[in-house]
Structures are given as C-alpha cells and as structure tokens.
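**Student:** Residue numbers (the working numbering): 15 to 381. Ideal Cβ placement from N, Cα and C applies to all residues, glycine included. The structure's right below; bear with me while I get my questions together.
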Amino acid sequence: MIESPSDSLDALEELHAYLVHWVGERLGHAAEIEHLREQDAPRATSWTFPGSAPGRGARGSRAFLALLGHYDTVWPLGTTRSWPFAVDGDRLSGPGTYDMKVGLVQMVWLVAALRHARLAHPAVRLIVNGDEEVGSLSSRGFLERQSRGAEAALVFEGAIGDAVKTARKGIGNFVVDIVGVEAHAGVEPEKGASAIHELGALIPRVLAIARPDAGTTVNIGLVGGGQRVNVTTGRVRLELEARIRGAAEAARVEAEMNALAASDPRIRIEVRGSWQRPVFERTAAVAALFRRAERIARTIDVPLTETAVGGASDGNLIAALGVPVLDGLGAPGEGAHARSESVSIDGILERITLSSLLVASFAAEAD
C-alpha cells in the first residue's frame, strides 16, 4: 500500500494518481470530474456518477449525495518497514487502515455495489482530499463547493464500535503574545516587566475559560520565550486549542480571549486566532438522517448507534453548510494515530452494505 503522510507532497501525489486510476478502473467514466490543483498543496478531486433515479435538489440542481474521505495519514514515510500491513483473523492492521484508507475503499465499493445489485439511486459525488489531518487548509473551499446543495453527506471516517457520529466539536486555535519590557535582571530589575511572570498569572485565567459542563475544553499546547536567566524576558508566546459544542460557546470563548489584559500596565497582550473547524451539531436533519440509517441497519441485522465526539473532521465543514451529515461510516476499528490501528474485515462488508442501502433509500424521494 502506498504511504501518504500529510507532509510529503511526493507521496501524496503518488497516491492521488493511483486513486484517480483506480476509481476510473472500478467505476468507469464519471459524468463530472473536478480537480483542485494548488502549488505546494496536495490535490483534491471529485467524481460525480449519475443516478438511476435522478431527481432535483433543494436548490434546483440535480439531486446528489456527497461521499467524503481523505487519503493523507499521520504516519511518516517508512512506517511500513517496521509495521507492515497484516491480516489476523477478522482484523486488518497497518498505518492508515482505520484513519482512513479503508473508508476510501468503502466509498468506491459502495457505488459498485449499487450497480451490481441494480438498486435505484440518486447521483453520488465522491470527494477526496489530501490535507485533512492538517486541517484541510488548502482543500476546504473545494470541499464546500463540491458538497453544497447535496441532499446529504456521508463521511467515511472510521467507526467507533457500532456507532456513527452525529455531532463533533468545533475547534479554535489561538496564539497569545505577551510583550513585556527587557532589562538587566541584576542591575536594573525595576526597569523590566517580565513577560514570563505575566504568563504565569495569565495561564490560570486562560484555563478558566473552559466550561466542561458545556463541553468546552481549553488546552495550552505550546509555550515559548525567554533569552537568558539574567534578562527580564520581553516576549513569550502561548498557543492553545479550544473545542466547543455550539455557536454560543464559540462567541463566548472568542470574546473572553480577546478581553485578556495584563496585570502590569507596561505589558501588552496580543491575541489572534480563528475557528479552524466549525461545530458539527446534531440538528433535526442530522437526527432524521441517523434514524433513516438506523431503520435500514435493523433490516440487515447490523447494530447501529450514534455518538458525539470531541474530534473534528471534514464533516464539520459540510455540516456548517446546512447539509445533513452522517460521519463515521467507515469500518469499525480502533487505534487512530496509534500503532494499534486496525479495522474489522466483517465490519467493512457490513458498512458497505449499510451505506449502499442508505444511498439507495434516497431514490424514492427524487422528484
């Protein structure tokens, strides 16, 4: 299997080229193919395959369902030399199996299964990108354009047990610069205003922004600054991540971050940040999509539950467009970003069956 770490453009290009060839080989000619090509960024591609029961979307465009997945992984080049892919009973293990190369296979075989079973279905649009693990910074606009107007979006990230994901937290990244006054710590300490000392007072106030009862967490992940022990530090920086469940909490966190002020008037605090991933909320439309999947799962004797998670995915971006999203339709597994990463082989087949029937269920509603 081709390795594809997010930080290796050559490896990503190799896997993307393979995907384009493989999708064409397995599914034939697509009605539409769109590519995102940006310098120094991995490619993103969408393939739209016509349905056998076409309808019209809410905005007047031809009705379609969006299927999303990413082909980058967190694993560095060479990982497979010490940890090769392996099959042990029902488990398929190896770097990127659970997160989420198996999900890409499921997306393609879903379409193939619809055709093989001659199931009526609306058009489907497969959308893949190669920078999800680093925030989808280059592909976000492409994903949003390709998914806008979809009747629903299915995201093939790995499943947690029997559950699909119907809610994910939003993520905000903030940088706080504390600018003090440098001075000789021994000769003229009174002329200095230590940014590090201010940092010590600031950290508890930043952490107090968290509201666990509302699902809001704050993690200070990086702190840097200082020059020498005999210099009053003039500048330090801290970087933090906030995760929230709703728009109201996002507004509160942002307001409290921007209101941070120094206890020493000689010190300046500069805050900047943005919400990298919007909240994926369990709206009424998302709940209805889950109930549809749950009904189908019962007919094929596949257990299915739902869960809300703190981690984000590209599903957050699409949910923010108002498109109903069902995430975690990949195979059940474990060990994302860990050497215990693996998926259930039986689970792969069950999820292909479930998701293909879910797509087909939209055919009866096409007008």
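For Thr111, which residues from the same chain have a beta carbon less than 8 Å from its beta carbon, with the 5 sequence-adjacent residues on both sides left out?
**Tutor:** Phe99, Gly347, Glu355, Ser356, Val357
**Student:** Can you list the beta strand (DSSP E) stretches of 3 or more residues lying completely in the segment 216-294, in chain order?
**Tutor:** 231-239, 249-258, 282-291
**Student:** Among Val243, Val142, Ala299, Glu204, which has the Cα closest to the Cα of Asp278?
**Tutor:** Glu204
**Student:** For Glu46, which residues from the same chain have a beta carbon less than 7 Å from its beta carbon, with the 5 sequence-adjacent residues on both sides left out?
**Tutor:** Thr62
**Student:** Got a sec? Which residues, its chain only, sit under 6 Å from Ala262 by beta carbon, not counting five neighbours each side?
**Tutor:** none
**Student:** I need the boundaries of the alpha helix (DSSP H) containing Phe170, first residue and last residue.
**Tutor:** Counting along the chain, Phe170 falls outside any alpha helix (DSSP H), and DSSP gives it neither H nor E.
**Student:** In this structure, what does DSSP give as the bridge partners for Trp61?
**Tutor:** Ile47, Leu140
**Student:** Report the residue from Ala181, Leu368, Glu253 whose alpha carbon sits nearest the alpha carbon of Ser327.
**Tutor:** Ala181
**Student:** For Ser96, is the classification buried or exposed, using 16 other Cβ atoms within 10 angstroms of its Cβ as the cut-off for buried?
**Tutor:** exposed
**Student:** With DSSP collapsed to three states, give me the class of Leu303.
**Tutor:** Residue state, collapsed to three classes: helix.
**Student:** Any contact of the segment 162-172 with the segment 335-347, i.e. 3+ C-beta pairs under 8 Å?
**Tutor:** yes
**Student:** Between the segment 305-315 and the segment 219-233, do three or more beta carbon pairs fall short of 8 Å?
**Tutor:** No contact exists between the segment 305-315 and the segment 219-233.
**Student:** Just the C-alpha distance for Glu171 and Val201, rounded to the nearest angstrom, thanks.
**Tutor:** 59 Å
**Student:** State buried or exposed for Pro90, treating a residue as buried only when at least 16 other CB atoms are found within 10 Å of its CB.
**Tutor:** exposed
**Student:** How close, in whole Å, do the beta carbons of Val195 and Arg280 come, if the pair is a contact with beta carbons under 8 Å?
**Tutor:** 5 Å
**Student:** Where does Gly206 fall in DSSP's three states?
**Tutor:** coil
**Student:** In three-state terms, what does DSSP make of Ile192?
**Tutor:** strand
**Student:** Contact defined as beta carbons within less than 8 Å: I believe Asp86 pairs with Leu26. What is the distance between those atoms, to the nearest angstrom?
**Tutor:** 6 Å
**Student:** In whole angstroms, give me the CA-to-CA distance for Ala199 and Ile210.
**Tutor:** 13 Å
**Student:** Which two residues bound the contiguous alpha helix (DSSP H) that contains Ser161?
**Tutor:** 154-161
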